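Take the sequence shown: its letters are residues 1350 to 1538, numbered as in my numbering.
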Amino acid sequence: MSIKSDHWIRRMAEQQRMIEPFEPGQVKQNASGGRLISYGTSSYGYDVRCAAEFKIFTNINSTIVDPKNFESGNFVDFNGDVCIIPPNSFALARTVEYFRIPRKVLTICLGKSTYARCGIIVNVTPLEPEWEGHVTLEFSNTTPLPARIYANEGVAQMLFLESDEECATSYKDRAGKYMGQQGVTLPRA
């Protein structure tokens, strides 16, 4: 397996629509010149943006979190440019970008250091070969203070690992339950 460079990422985005919308460079400022948390192609990865739709974890219903029987009432929906996650809490969001992962590629996501240095952990499970959809992002606020997440700015970096051979069974072959997801997707049993 080898990690793929910015040249490979650009080629795959252009030829196979691997990432849409795609930003070929690093964007660090908005149209009016204001600073952004960067997004776009980096040396060996792609920095994704968070869309402006969030699901913020709440305990107002005092239910138990159960991945086999998840209750959507555990989250409050929020749409906006800035999401505030309560102390020691959690929120889901999605990427602006839609991904189509090639059959010989495994994609791993890591949080950006700007958020990590603020105690905000971004968790995403690997994107398997031939998976496609908007990526559901998980944000954990590990601090005792409220934390801000900025929509339409960089939140995490995707790393692309290409194998020397194709996998025997891809996510698409297995008809994975999160295939083609759009919007923020809650757990499915």
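Note that beta-carbon positions come from the ideal geometry of N, C-alpha and C, so glycine has one too. On a predicted model such as this, the values are computed, not experimentally measured, just so you know.
Nearest CA to the CA of residue i: which residue from the options?
i: serine 1489; options: Gly1482, Ile1498, Glu1481 and His1483; result: Ile1498
i: alanine 1538; options: Val1414, Cys1399 and Thr1390; result: Val1414
i: methionine 1507; options: Ile1469, Thr1456, Pro1478 and Gly1482; result: Thr1456
i: isoleucine 1405; options: Asp1355, Leu1476, Glu1514 and Gly1429; result: Gly1429
i: proline 1475; options: Ile1358, Val1431, Phe1509 and Lys1526; result: Phe1509
i: methionine 1528; options: Ala1505, Glu1479 and Thr1491; result: Glu1479
i: glycine 1394; options: Gln1365, Leu1494, Asn1408 and Leu1459; result: Leu1459
i: histidine 1483; options: Gln1530, Ser1391, Val1376 and Ser1354; result: Gln1530
Could you round the C-beta distance between residue i and residue j to whole angstroms and report it? I think they count as a contact, below 8 Å.
i: threonine 1485; j: valine 1425; result: Incorrect: roughly 16 Å between the Cβ atoms, too far for contact.
Work out the CA separation of residue j and residue i for me, nearest whole Å.
i: asparagine 1418; j: isoleucine 1386; result: 36 Å
i: isoleucine 1325; j: alanine 1517; result: Outside the shown range of the chain (1350 to 1538) lies residue 1325, about which nothing can therefore be said.
i: serine 1512; j: arginine 1449; result: 16 Å
i: proline 1436; j: phenylalanine 1403; result: 16 Å
i: arginine 1466; j: asparagine 1379; result: 23 Å
i: glutamate 1363; j: phenylalanine 1371; result: 8 Å
i: alanine 1400; j: glycine 1374; result: 19 Å
i: isoleucine 1358; j: proline 1451; result: 11 Å
i: methionine 1367; j: tyrosine 1388; result: 16 Å
Next item on the list: List in chain order: all unbroken alpha helix (DSSP H) runs of 4+ residues lying wholly within the region 1431-1478.
Entry: 1462-1465
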